[in-house]
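Chains as they are written, first to last, in the working numbering: chain H, 478 to 821; chain A, 478 to 821; chain L, 478 to 821; chain B, 478 to 821. For every residue, glycine included, the Cβ atom is placed at its ideal position computed from N, Cα and C. As the structure is a computational prediction, the values presented were derived from the model and not from experiment. The structure under discussion appears below in the form of structure tokens.
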């Protein structure tokens, strides 16, 4: 394969799926099932997720990817003049090629240090949108864990949640990396039923082949969601493929075990790097870390590893992004630290 | 599973994937690959499809489903005031929940007998769109094979193609069931490079878990297509999943063999039904057939088989839709004919 | 001006505005007023319209044209997957260049004889839209008077209104030619407060320079309408221009007097034509009439008059469209009949 | 009228139209004219504008307002994934209620000191948009004069123009206040034919009742523009209303004379204010000025004048916005300075 002699820390979707997921796909392969997410496997997956949520109230839908989840959720909630509030680093703002705007809605952005929104951030947006000559901010979007690898504590989420309720704003949590956030923080998945109007559970970046599970808590947002999925091309004929994967991810804690492994591998990397005296662009908390290294050292590491150089920090050093996953091997982590140590 | 004692002829996506595809997924599972369709497997798949096309000129992109393919292709080609011409039975008109309109474009429809457009149909639409107070029809959409199970001959496609070129219209072929069309007709896949501006090769309904391969022939339509895929949520992080499947489908004729099997099974069904004296709503040509049966007989068949009743034909009989696939078992076909015979 | 020797029966917007309207514009010209429809003139206009409606409950907004009114109203009411039901002759379907689709919504059309929808028409659309694979029809659109010059009686509107309420459909009346409908039928403007969720009162085609008054009856549809107007470019900085015109139109019955004149002139034309033994494509009821005349006669008339030839009726005769307005002169009508008589 | 004892410096659209324009409307009122901008008056207006442009190459279209002009122009130029670059103070970003996003496009914004874009600003946006996971910036939007009352010199425009040509970007100038910019700077209207792909000439804020004249220079952007106008509700039935106004504005220099008057009045205001020792938020250059005054003084002025308080500058003083127009009276200006002087 491309770059076959290098080990990749570029992202958390370089490998396929956890073997248990593939086994389940094979095991059920020739059973005839209903289409479009109404199959038994999808229903079993919903049941397993309901257990995690301690609630059967939410509606659960499976889609194939994060951008798809974001654009369907947001466009289903908003009237044409309503807008989304997001950190400027938010995935919907930077890395979705205008997917939200393509559904007609403005993203109102705020610069942050760590990729995390606070109530003050949100207020600052609300306060400048005063009349009908401007969009009406109506939905708060956060990603957890964030694009900078940071996470929200339960109390941080709670503050935003209360503010949103008071101010008649929807609160949506993009959980493309929810596994890494939950296993790194005091948040439980069941907390989200009360904290947010809607969120999704990321499968693609946590051991599935594809798939995100959208969880709609707010009763008023449930109506006709399948129409909106279909309209955006998200209702897969073989919806079983998504159901089977989430069924398996939420059997015997596989989802959390995979996320924990990713976080552990990142933690080993960041500990090793910190021990060698290096600093980080953002505090290493989950499976994305951003060490700042001398450019010369980066060149050496790049001979054996694939990763992104994110930004120049000064004339001689840059921040790189290292991403671990459910599939990251400990010997690759060790090798990285060893090479770094030799070149420090 | 649901309706577990019944055999389903409801559609061609009731089962998972052909075993060879699953084996390939497992075999490559832990190899690290680039994301978003730029992996080696997707590139090998492109190579294999180029062989089928006898050309390396087209651009090839993989997406997860047919509605997604349709909405991305159409919205990438048209300016805001331009419209699509389609048979009223066309998938984009009836069964995509307004996906095309949601991207801003009108579908101009024409009623047909057999789900197939002709040059005269297209002319009739063009002729009534005379000025800027109406949309400007700019793209001709056909599905092959059609939603009524009929197919276009090469010369029928050629007539439309010539008309489109003369009249500055784009010509787009929805090939969700292209395998069944090609194996039933005189059309070869390589013919399509010259005949249409863009088409797609359906995987979901021909043995893949998910996936359609979009083939763009017209040079001017290639630019920035990946942006448009990303914007609509179609650039899968683990694009390898799509690449691997098409790689395997276009190895050793698997794609055609699967489609032939589906057509054969449908042919056996329709021959058996015709031999018992029954008629059809549309001529049985591919893997979708529409026999007209007495309502009482339909009730008996429905005890053992799942299928859709499409419409009442008269007070005592209705048309049903039977769909076969790569996975249809011959004993299910035989059983259907036997029960029908006993009840005739 | 173009075709200066010919008198135009092409449309009801060939002249400027009624002189009283121009006088009011001049009289108020240098008074400073607030922008964007919040000026005193617009408020006085609203008061005068409230008197006509026998109600102060509706919200009233002024926009510059009919297509603008239609696209703002419809896109403000519908969620992305919801669709409009319209006669195939409806203005939004034929003559707005895909304005509704450009806001993301499908228009579900039904063929009619006279441009008028009935409950049975609406039912026939509802009945075939059964699940989330299709759009969800949610709003019934009618124009009154219609594009064929016919009008709805109060009881016809009442039937549709009841059906819509029972079936949770919005009911929207496009009143670009509401004046001609009301003065020709048993309908009063105040009836519309209860009969429809929203309608608009056409000024452009009834003596104003530009302008349509949108009346929103349904409480739940009022919220944030000004945002939606602004977003579509409909909140005029000098909103006074619209307010002043409607203020004057609804002073001393000017609106109805102008519409009556248009209907009278059309009636004189249709009576004269009928007396000469000619038939009509649709029953002449308002200010649009469609006489069927020999092609040779049409050629003679076309030397002195401008009008549209709508369609061939047989090899030797065609239907033409004659439109009268508040400004139509009786001597032009008489001349038309005279020339026709001489050539009959 | 509201606030009738106060003189308004809130905006440049508080009064109606220049009397010459009204006279022309009355004079032509009962002449029958073609609809939708194809009337003789619109054609004469085009001729007069061609003289100003020293060119008959551009296409000229009239629409009713600035937001409408912006949204039609931008959505006609861009493919779905393409974005606009704008200063964060740009009208399309702040004050159009998401009109551009509602047509599907992202606005990429840059903070500036004076509301003016430079090549470096534009480069900074281009440089961070590197691949198909982000939008593709394709059009540079500027307003001239700007929302902060500043203007672009001819050489500043020329620099941006060259950069855009080299980098395959469209260049669009929003001329809602083009009159004030041209009469204040070294720019001529005819320069714009070569400098930008498209611009519009603002009528509403320079003496017309309503109306902006869109001028399309780039040949490839002309096609089907009237379809796009119609689709967005901008093709007025009585297009004569727009044509007549621009015909008169571009007869005997009326357009420039009105803009000069507005600039002169603003200049008198800013000179008087500066002479009293006050500073400005942005350099006073055209008909919008932003003096910084003590809050106590502002309260006194507010008893006799209407204006917007824009922002707090420190604990005791704020910036206000004063706008003059073609209709501003010199005695109101003098009174403002007198009251300010007494309270200084």
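Residues of its chain near residue i, where Cβ-Cβ distance is below 6 Å and the 5 sequence neighbours each way are ignored
i	result
residue 581 of chain A	557
residue 749 of chain L	814
is_contact[residue i, chain L] using C-beta, thresh 8 Å
i	result
residue 707 of chain H	yes
Residues bridged to residue i [DSSP beta-bridge criterion]
i	result
residue 834 of chain L	The first residue shown for chain L is 478 and the last is 821, placing residue 834 of chain L beyond what the model contains.
residue 585 of chain H	H:562
residue 789 of chain B	B:795
residue 607 of chain B	The partner list for residue 607 of chain B (beta bridge, DSSP) is empty, contrary to what the question assumes.
residue 500 of chain H	BP columns for residue 500 of chain H are empty, so no partner.
Cβ of residue i within 8 Å of any chain A Cβ
i	result
residue 507 of chain L	no
residue 618 of chain H	no
Contact with chain B by residue i, beta-carbon distance below 8 Å
i	result
residue 677 of chain L	no
residue 574 of chain H	yes
residue 557 of chain A	yes
residue 701 of chain A	yes
8 Å CB neighbourhood of residue i in its chain, flanking five on each side removed
i	result
residue 521 of chain H	720, 724
residue 579 of chain B	548
residue 576 of chain A	544, 547, 548, 569
residue 628 of chain L	621, 622, 657, 658, 661, 662, 664, 762, 763
residue 668 of chain B	631, 634
Inter-residue spacing [alpha-carbon to alpha-carbon] between residue i and residue j
i	j	result
residue 769 of chain A	residue 811 of chain A	18 Å
residue 743 of chain H	residue 606 of chain B	28 Å
residue 480 of chain A	residue 626 of chain L	Low confidence applies here, because residue 480 of chain A scores a pLDDT of 47, under 50, leaving its location unreliable and the question unanswered by this model.
residue 571 of chain H	residue 767 of chain H	18 Å
residue 616 of chain A	residue 757 of chain A	31 Å
residue 751 of chain H	residue 594 of chain H	27 Å
residue 478 of chain A	residue 493 of chain A	Low per-residue confidence applies at residue 478 of chain A: pLDDT is 43, beneath 50, and the placement is therefore not dependable enough to give any value.
residue 685 of chain H	residue 495 of chain H	7 Å
residue 679 of chain L	residue 690 of chain L	7 Å
residue 618 of chain A	residue 646 of chain A	10 Å
residue 726 of chain B	residue 736 of chain B	11 Å
residue 624 of chain H	residue 561 of chain H	17 Å
residue 487 of chain A	residue 698 of chain H	31 Å
residue 700 of chain B	residue 731 of chain A	46 Å
residue 501 of chain B	residue 555 of chain L	42 Å
Interface flag, residue i vs chain H, CB-CB below 8 Å
i	result
residue 502 of chain A	yes
residue 581 of chain B	yes
residue 798 of chain A	no
residue 611 of chain B	yes
Cβ-based neighbour list, residue i, same chain, cut-off 7 Å, excluding 5 preceding and 5 following
i	result
residue 775 of chain A	786, 795, 797
residue 706 of chain H	538, 540, 549, 712
residue 598 of chain B	587, 589
residue 483 of chain B	781, 782, 783
residue 728 of chain L	525
residue 755 of chain H	768, 769, 770
CA nearest to the CA of residue i, picked from the options
i	options	result
residue 722 of chain A	A:698, A:551, A:817, A:516	A:516
residue 675 of chain L	L:745, L:666, L:715, L:730	L:666
residue 683 of chain B	L:497, L:715, L:604	L:715
is_contact[residue i, chain C] using C-beta, thresh 8 Å
i	result
residue 649 of chain B	Annotation note: the requested chain C is absent from the structure, which comprises protein chains H, A, L and B.
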